[in-house]
Amino acid sequence: MKRVSILIALTLAAFTAAIAQPKSLKNFDELMAALNAGYNVRVVIHYAKCTLVADNELQDKSPDAIGGIIIDTYEYFAPKAVRGNEHAFVVFSENKLIQNPKGKGFVYNYAKFKVEATGKVKVTVMYLDPNTQEELMSENFFTQFGDSTKEQAIYFYRL
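Quick note on our numbering: the sequence shown kicks off at 3 and runs consecutively.
Okay, structure coming up:
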């Protein structure tokens with residue numbers, strides 16, 4: 003009886019792990035379908051594969067860093083819902099207190115994502131002083147999502 007119970011428990015654990023695997027989302031429509039169905043979605047971005055604009059200047063290269071968040075709150079805007087936007091887009095952001103990798107103490111690490119239906123992605127990353135809210139750093143990363151002909155820098159996973 004004990005062996006049967008162990009076998010059932012192992013089978014159940016393996017089955018649960020198999021169905022709990024994240025599903026890679028391939029384009030904007032799949033991303034929106036997952037969000038609108040209430041799924042959690044994880045974002046993983048490889049900054050080194052993005053185009054970087056800092057201090058309003060195109061930079062030669064992006065930092066070799068990888069970041070990830072789970073989309074919690076988001077807003078979707080239909081085409082022409084906001085003046086000047088021809089295409090639908092979704093925006094979401096995250097703000098976390100972290101140890102400052104560029105100096106002493108702590109900073110708020112704010113990241114804002116804008117994903118357009120065309121696949122264009124803009125990620126704005128800022129370090130903010132936790133006491134004064136002064137902007138200590140601001141960088142904009144640009145990439146494309148859903149273009150299988152190019153190496154991807156950003157990945158979305160339905161959890």
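Virtual Cβ for every residue (Gly too), placed ideally from N, Cα, C.
A distance of 8 Å or more separates the beta carbons of A119 and I71.
Nearest Cα to P132 within the set F115, E32 and I100: I100.
In the three-state DSSP reduction, E77 falls in the strand class (E or B).
Here DSSP, grouped into helix, strand and coil, assigns L54 to strand.
According to DSSP, G70 shares a beta bridge with V46.
At a cut-off of 4 residues, not a single continuous stretch assigned as alpha helix (DSSP H) sits fully inside the region 131 to 161. Classified as buried, T145 has 16 or more neighbouring CB atoms from the shown chains inside 10 Å of its CB. Taking one beta carbon from each stretch, the region 58 to 68 and the region 80 to 95 have fewer than 3 pairs nearer than 8 Å; the two do not touch.
Within the same chain, M128 and L130 come within 7 Å of E137 by CB-CB distance, once the 5 residues on both sides are set aside. At a Cβ-Cβ threshold of 8 Å, V43 and A35 do not count as neighbours. Under the three-state reduction of DSSP output, E59 falls in the strand class.
Contact annotation: K116 and K124 have beta-carbon atoms nearer than 8 Å. Inter-residue distance for L161 and G86 is about 33 Å (C-alpha atoms, whole angstroms).
Taking a contact as a CB-CB distance under 8 Å, the pair Y49 and F143 counts as one, their CB atoms being some 6 Å apart. A direct Cα-to-Cα measurement between N97 and F108 gives close to 13 Å. Per DSSP, reduced to three states, the secondary structure at N111 is strand.
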